[in-house]
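Down below is the structure, laid out as structure tokens.
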């Protein structure tokens, strides 16, 4: 299935690039600056603006009048690589995450006293790693990009004064590229290593469900389900500089070949509770489960390749399901200003045994601060800052054909900034 209208939207997202920030693995949380200030602790139980379309579709029932909300997040990451062990020549600088910008935009409007409609555009998954050409682990991964852009029309229904439900199908476009080298320079007359590049894209359907309940005048609970999305990326594999050796499994590998790659972004369940202590203080607590075990491996199938070794190119991931936990608070200074803060713990979906150089993520701690300014009755501006620090994580990739073993310690950190403007009319 193809959705031509997503091409322009994806071009915007890819031109800005995507990189994991407040969520681990491939997941992105950058869909709201108002939510980022509390580390998304109350995402499923509070409807601060139209970004609730992603956070909890049921929250649309709490948006009064027409509203447009949009912005972007920026992340500057730092990766320190140490204790490198490998026979491969080259360097391990660690400067492998480009500065990234992640956009989002939402629209909400009431249909009647019971029904509300909304439309959202956001990036739920994305990662880029781009190592230097001389990277010692390049035979296990040199360049990696996965980016998903989603468009979500949404309806909410107010069951009672205290209970609301919401639903939204998602139209998703994925774009991916994986590149690595093979250590063959000593076997080639030109003295160059072999290079393999896999590129493809696809579109697919998913959906989000939400329930929001006012347990009392002060307390709201919510739960959101984001469905899995199954893709079959279609594209091509480029192979060059495979040495011309009298080995049947290598002969006929070089060239451009049609390729397909099955890939599933996982489902997740997000639940949170928000409690208003008084006219100034509101507390939030959140819990998210993600089924990362769907990413067992990445397997590209190539057509028309004579070399049996390259008919299927597979990389193991062996990811496992994760939990993330967050707490947050907001303080209403006066009618114009609100201050926010939050803290989150986010589990890594991989371990030292299976972690790879493409996505070398560890367990993550996130501290956030934010502020909201009501500039006028029709305009609100939200800003948020996040500091992300990961535990030291080990990469231990085994030796293979033309692939020297590579092991190292990674220490990742990042600074994130999110800005958003919301108009009521």
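Residue numbers (mature numbering (1 follows the signal peptide of the UniProt record, and there is no 0)): -23 to -1, 1 to 402. Quick reminder that beta carbons are idealized off the backbone N, C-alpha and C, glycines included. It should be emphasised that the depicted structure is a prediction, and the values quoted were computed from it without experimental measurement.
Asked	Found
Bounding residues of the alpha helix (DSSP H) (the contiguous stretch that carries residue 403)	No answer is possible for residue 403: the residues shown for the chain start at -23 and end at 402.
Short Cβ contact (8 Å threshold) for residue 356 with residue 400	yes
Collapsed DSSP secondary structure at residue -9 in the structure displayed	Its pLDDT being 38, under 50, residue -9 is placed unreliably by the model, and nothing is read from it.
Within 8 Å, strictly: CB atoms of residue 50 and residue 79	yes
Bridge partner(s) assigned by DSSP for residue 89	For residue 89, which the question treats as bridged, DSSP gives no partner whatsoever.
Residue 42 versus residue 344: straight-line alpha-carbon distance, rounded	33 Å
Local conformation of residue -20 per DSSP, three classes	In this prediction, residue -20 has a pLDDT of 46, which is less than 50 and means its spatial position is unreliable; nothing more can be read from the coordinates.
Opposing strand residues paired with residue 173 [DSSP bridges]	157 and 216
Burial state of residue 7 (16 or more Cβ within 10 Å)	buried
Local conformation of residue 17 per DSSP, three classes	coil
Buried or exposed by the 16-neighbour rule on C-beta atoms within 10 Å, applied to residue 350	exposed
First and last residue of the uninterrupted beta strand (DSSP E) at residue 343	341 to 351
Residues near residue 266 by beta carbon distance below 6 Å, same chain, minus five either side	246 and 300
Separation of residue 22 from residue 346, as counted between CA atoms	19 Å
Counterpart residues of residue 31 in DSSP-defined beta bridges	None; residue 31 has no bridge partner.
Three-state secondary structure (DSSP) of residue 393	strand
Same chain only: Cβ atoms within 7 Å of residue 232, ignoring 5 sequence neighbours per side	216
Presumed contact (8 Å Cβ cut-off) between residue 218 and residue 170, rounded CB distance	6 Å
Cβ-Cβ distance between residue 37 and residue 1 below 8 Å	no
CA-to-CA distance, residue 361 to residue 259, given in whole angstroms	17 Å
Coil, strand or helix - residue 37 by DSSP	helix
Closest by C-alpha distance to residue 206, when choosing among 367, 224 and 101	101
CA nearest to the CA of residue 125, picked from 306, 138, 272 and 3	3
According to DSSP, residues forming a beta bridge with residue 336	Per DSSP, none; premise fails for residue 336.
Three-way DSSP call (helix, strand, coil) for residue 163 in this model	helix
Candidates 366, 116, 198 and 147, of which the one nearest residue 403 by Cα	No answer is possible for residue 403: the residues shown for the chain start at -23 and end at 402.
Rounded C-alpha distance that separates residue 270 from residue 243	8 Å
Distance between residue 157 and residue 432 (C-alpha atoms, nearest Å)	With the chain running from -23 to 402 in the structure shown, residue 432 is simply not present.
Contained alpha helix (DSSP H) runs [length at least 4] in the region 224 to 275, N- to C-terminal order	none
Residue 363, enclosing beta strand (DSSP E) - first and last residue	356 to 367
DSSP-derived helix/strand/coil call for residue 277	strand
Closest by C-alpha distance to residue 295, when choosing among 272, 28 and 284	272
Environment of residue 318 [buried if 16+ CB atoms lie within 10 Å]	buried
Residues bridged to residue 50 [DSSP beta-bridge criterion]	79 and 395
Validate contact between the region 180 to 189 and the region 29 to 36 using beta carbons, cut 8 Å, 3 pairs	yes
Pick from 194, 182 and 24 that is closest to residue 143, judged by C-alpha positions	24
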